[in-house]
Every structure is written in C-alpha cells, then in structure tokens.
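Numbering (the working numbering), first residue to last: 5 to 451. Let me begin by presenting the structure, written as structure tokens, before commenting on it.
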Amino acid sequence: MSFHDKCAVVGVWNHPSASFLTYLSLYALQHRGQEGAGIVSLKDGKHLSYKNQGLVGDIFTKDKLDSLKGKGAIGHTRYSTTGLNELKNIQPLTWNLNGGPLSVAHNGNIVNHALLKKKFRIFTKGESDTECLLPLIKYYEDKDIGQSLLKALAQLEGAYSLVFLTKDSLIVARDPMGFRPLVLGQKDQAYIVASETCAFDLIGAKYLREIKAGEILIFNKKGMKSLFLPQAKKKAQCIFEYVYFSRPDSLVFNKSVYEKRKKMGEYLAKEHPVEADVVIPVPDSGIPAAIAYSQTIGIPYEMGIIRNHYVGRTFIQPSSLIRNFKIKIKLNPQAFVKGKKVVAIDDSIVRGSTSKALIEVLKTAGAKEVHLRVSSPPIKGPCYYGVDTPQKKQLISGQKESVEEIRQFIGADSLAYLSYENFLKIGNKKDFCLACFDEKYPTAIYN
Ligand code: SF4
Numbered sequence: 005m006s007f008h009d010k011c012a013v014v015g016v017w018n019h020p021s022a023s024f025l026t027y028l029s030l031y032a033l034q035h036r037g038q039e040g041a042g043i044v045s046l047k048d049g050k051h052l053s054y055k056n057q058g059l060v061g062d063i064f065t066k067d068k069l070d071s072l073k074g075k076g077a078i079g080h081t082r083y084s085t086t087g088l089n090e091l092k093n094i095q096p097l098t099w100n101l102n103g104g105p106l107s108v109a110h111n112g113n114i115v116n117h118a119l120l121k122k123k124f125r126i127f128t129k130g131e132s133d134t135e136c137l138l139p140l141i142k143y144y145e146d147k148d149i150g151q152s153l154l155k156a157l158a159q160l161e162g163a164y165s166l167v168f169l170t171k172d173s174l175i176v177a178r179d180p181m182g183f184r185p186l187v188l189g190q191k192d193q194a195y196i197v198a199s200e201t202c203a204f205d206l207i208g209a210k211y212l213r214e215i216k217a218g219e220i221l222i223f224n225k226k227g228m229k230s231l232f233l234p235q236a237k238k239k240a241q242c243i244f245e246y247v248y249f250s251r252p253d254s255l256v257f258n259k260s261v262y263e264k265r266k267k268m269g270e271y272l273a274k275e276h277p278v279e280a281d282v283v284i285p286v287p288d289s290g291i292p293a294a295i296a297y298s299q300t301i302g303i304p305y306e307m308g309i310i311r312n313h314y315v316g317r318t319f320i321q322p323s324s325l326i327r328n329f330k331i332k333i334k335l336n337p338q339a340f341v342k343g344k345k346v347v348a349i350d351d352s353i354v355r356g357s358t359s360k361a362l363i364e365v366l367k368t369a370g371a372k373e374v375h376l377r378v379s380s381p382p383i384k385g386p387c388y389y390g391v392d393t394p395q396k397k398q399l400i401s402g403q404k405e406s407v408e409e410i411r412q413f414i415g416a417d418s419l420a421y422l423s424y425e426n427f428l429k430i431g432n433k434k435d436f437c438l439a440c441f442d443e444k445y446p447t448a449i450y451n
C-alpha cells in the first residue's frame, strides 16, 4: 500500500501543559505523517514555535517543549503532497495580522489554491496549498476573527481540517463536505481537538464529539462558540480513512475503524471464499479484515508475515544483490507457509509492485498456492484531497484492463477484490467520497 495521508492536526486549549499534550497527541498520530512536525504555543498574546523535519519523538526534546509555554497550543505532523519536504513547508505556519499573530495547521488539500493565489495576488515563500489561507484571512480581516474566517473559508474548495491559534483563542474548522476527520475531546478544564480519537486515549481525554462538517469552533476566555459555513450539497468523508489511513483503535466519522475493517473482511469472505489451509494478513492494515475473513469462512488465521516496524523512510539498497529486498526488509514470511495453500488479505493494491514481490516471497518460502483477497475495490484514480497518490497511469487498475490481467502481473493463484456494491455498505455515496474507486470527484478539479 503506498497511499499516504497528508497530515495530522492537534489543538489544545486551557491546559498548563498545552504544548506537552500537543506533543503526545502528535506522537499518537505519527502514522498520518512522518516527514516533519511542529508546535506553536500561545503565551501572553505571543506565539512560540518549534518545528523540524523528522519524527515527533526525535524533534521535540524536554527543553524544547518547556520553551513552548502557555495554555494554548496547536501542532501538526506532515507528509507532503503539495509542496516539497522542506522546513519552510512544515506547519504550523505563522503570519502577523493587524490584530496580532495567527498560526495555522492543516490536514487536507485546498484544490483551488492556485486560483486563489492568482485572484487575491498572494505571493508565498513555500509551495504548500495551506499558504494561501493566511493572506486570505488578512484580506478579509475584521475585528471579529470568526467573521474573517467565515468569509475567507467560504472561498476555499476541497478538504480542510484546520486548527488556528490567534493572540487570544484557539479556532478549529472543518470543510463543509467533511473530507478529513476532526474530533473534540476534554481533559479536566481543557479542550483537545485532534485528527483521530487515538490521541485522546493516550493523554486520558474524553471523546466528546466530531467537529461538524462546515463548523468553525472558537475557544477563548468567554468559552466555546460555534459558527457554520454554508452547508454543502453532500458530504464527502474520505472512505480511505476506514480502508487504510486511520489507526484501527480510533473512532473516525463516529465509527470504529477496527469494526469497519472487520466488516470489509466479512463481506469479502462471503463474496470471494477460497479453499485454503490458512488465512494470513498483510500487516498491519490487513489484520482486522483477515481476522473477519477467517472467522466467516472457518479457515484458521495465522500471522504468516511478520512486519519489521523499525524500517525508516530511506535505506541503502543492496542493488540487485538481494532479490525483493524492498519488500523483505519490511515483510518476512513465516516458515509454516511451506506446503500450505495460503489466502493473503490486503486492504488495497496501488501500483501492484508490492503485491507482486510479496507473492514471490511467499512462494519462495514454499507456499503451495497464494490467493490474494483485497478488502476494498480496485483503485481507479488519484486523490486530490490531501493524500499522496500516484497518477492514474501508475495505478495497476489504471494500467490493466481486468482483474485477471492484474492477477497475472502479480503472480497470484487467484485474485479478488471486495465489490463496489458491498463496499458501499461501509460508507454510502451520500456521505462519503469514493472518488479514488469510482472517479466521481465531489469537487471541481484544478490541475
Ligand atoms: S479520493 Fe479517495 S483518498 Fe481521496 S478523499 Fe476521496 S476517498 Fe479519500
């Protein structure tokens, strides 16, 4: 699987250790972006900031966190989709408005950002789509920041879950279609906002509710106040959050990701059973679907492939010295697959190269047959809403005419995907974006 969600965002309000809680929440959300992270805190109307490239645990030392004083903070982890992985693109971004500093962190992608930059004559240092936001808010600057945001955000098209810090408030916003998740929690007198609820579990916060699609929620010394952007015709929550991006221990769009993945496995088993000796997941995201597949079909579940969790983003490759090195450094088959008919369960196939290598590795380990079952439909198109995806021509379903052709390419004994019809039982067309599966994009696309 090589789809990457762009980012995670966190906001903490009214806690003496706001930056520390932000750090811990970002730590829990590391799976949403591993290229860089940053925290901005609010102290006496000023913004204190630290950001860098790398993993959350490596970037922030105790001294750095101690220097980020104040009772309010926002944070971000990044996987770049728009804009290169450079320090200038790492968020939160900070701007000085007439009314004081404004910092922002963003998960999503503003699809009309190039048009907005042109229309509002916005010149930026970095390349990220998020950079159009602050000048836009400055353009609509009003004494009441809520009114500025209502006007500025109404100009945006696409996906945004945002956290802002001003000189005296934390403000969070979610686009009217609700592409990316954003949830609200409480810890004693403090409020926490995060991309997923697993952040709340780590810091002992209580989950209160989702930030609603189109909601702008302002926290300041007067309390908490909601404003709403004009309603969208339909919602477009990203179905891929259930397939792959979110942690299985999170509630996303108010539902358990783990249970959703198990349902996909159950439907897959009913639709595409196989006579085999053992069901094995492609770890980690294939695990819940494989458990349900095994339970539904009555074939034993085993951890047939062990994942090395300590593989960094880069390593020196031994050229052609070791066959399938790229896959073997991450995934290693167990000896018991020898002589077995194996059903491997994966969450999706993107380019097909990983599946092909994995099947070869399983066969080299002695598997008699390898049947691949995929718990989502074929991916047909790229994502424009904050996910790093290959172009259509690089997708295996964009290159091959049929499932049989894909099967031949990857070398499986059989291959089957969850049907689009059964997939719709996980997330219906009215509330979800399914565009990478059906190419029905819920907004205009500006290339
Ligand atoms: S195109 Fe796919 S990955 Fe992108 S938002 Fe829609 S469902 Fe999610």
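The beta carbon of each residue, even a glycine, is placed where N, CA and C say it ideally should be.
Check: Where Phe257 and Tyr246 are concerned, what is the direct C-alpha to C-alpha distance, given to the nearest angstrom?; Outcome: 9 Å
Check: Would the beta-carbon of Ile449 be found less than 6 Å away from any heavy atom of ligand 3?; Outcome: For ligand 3, the structure offers nothing, since it holds only ligand 1.
Check: What residue ranges within the stretch 308-358 form continuous beta strand (DSSP E) runs of no fewer than 3 residues, ordered along the chain?; Outcome: 309-311, 335-337, 345-350
Check: Whole angstroms is fine: what's the gap from Ala41's alpha carbon to Glu279's?; Outcome: 47 Å
Check: State buried or exposed for Gln190, treating a residue as buried only when at least 16 other CB atoms are found within 10 Å of its CB.; Outcome: exposed
Check: From the DSSP output, read off the bridge partner residues of Met181.; Outcome: Per DSSP, none; premise fails for Met181.
Check: CB of Phe24 to nearest heavy atom of ligand 1: below 6 Å?; Outcome: no
Check: Using 7 Å as the threshold, is the C-beta distance between Ser379 and Leu438 below it?; Outcome: no
Check: Alpha carbon to alpha carbon, how far is Leu120 from Gln159? Give it in angstroms, no decimals.; Outcome: 8 Å
Check: Let me confirm a value: Asn432 is counted as buried when at least 16 other C-beta atoms fall within 10 Å, else exposed. Which label applies?; Outcome: exposed
Check: In angstroms, rounded to a whole number, what distance separates the CA positions of Cys469 and Ser71?; Outcome: One cannot answer for residue 469 here, as it falls past the ends of the chain, which runs 5 to 451.
Check: Tell me whether Asp133 is buried or exposed, calling it buried when 16 or more other Cβ atoms sit within 10 Å of its Cβ.; Outcome: buried
Check: Nearest chain D C-beta to Ala280 closer than 7 Å, yes or no?; Outcome: The structure shown contains no chain D; it is built from a single protein chain.
Check: Around the C-beta of Gln151, are 16 or more other C-beta atoms found within 10 angstroms, so that it is buried, or is it exposed?; Outcome: exposed
Check: Give the residues whose C-beta lies closer than 5 Å to at least one heavy atom of ligand 1, in chain order.; Outcome: Cys242, Ile243, Phe244, Cys387, Tyr389, Val391, Cys437, Ala439, Cys440
Check: When you compare only the Cα positions, how much space is there between Leu233 and Ile215?; Outcome: 13 Å
Check: In angstroms, rounded to a whole number, what distance separates the CA positions of Gly227 and Thr300?; Outcome: 49 Å
Check: Would you kindly work out how many angstroms separate the C-alpha atoms of Ile363 and Lys259, rounded to a whole number?; Outcome: 33 Å
Check: Check each candidate in Ile284, Glu408, Tyr31 and name the one with the smallest Cα separation from Gln338.; Outcome: Ile284
Check: Measure the C-alpha to C-alpha separation of Val60 and Glu90 and round it to an integer number of angstroms.; Outcome: 16 Å
Check: Please confirm if the stretch 401-411 is in contact with the stretch 193-212, defined as three or more CB-CB distances below 8 Å between the two stretches.; Outcome: no
Check: Please say whether Ala416 and Val374 have beta carbons closer to each other than 7 Å?; Outcome: yes
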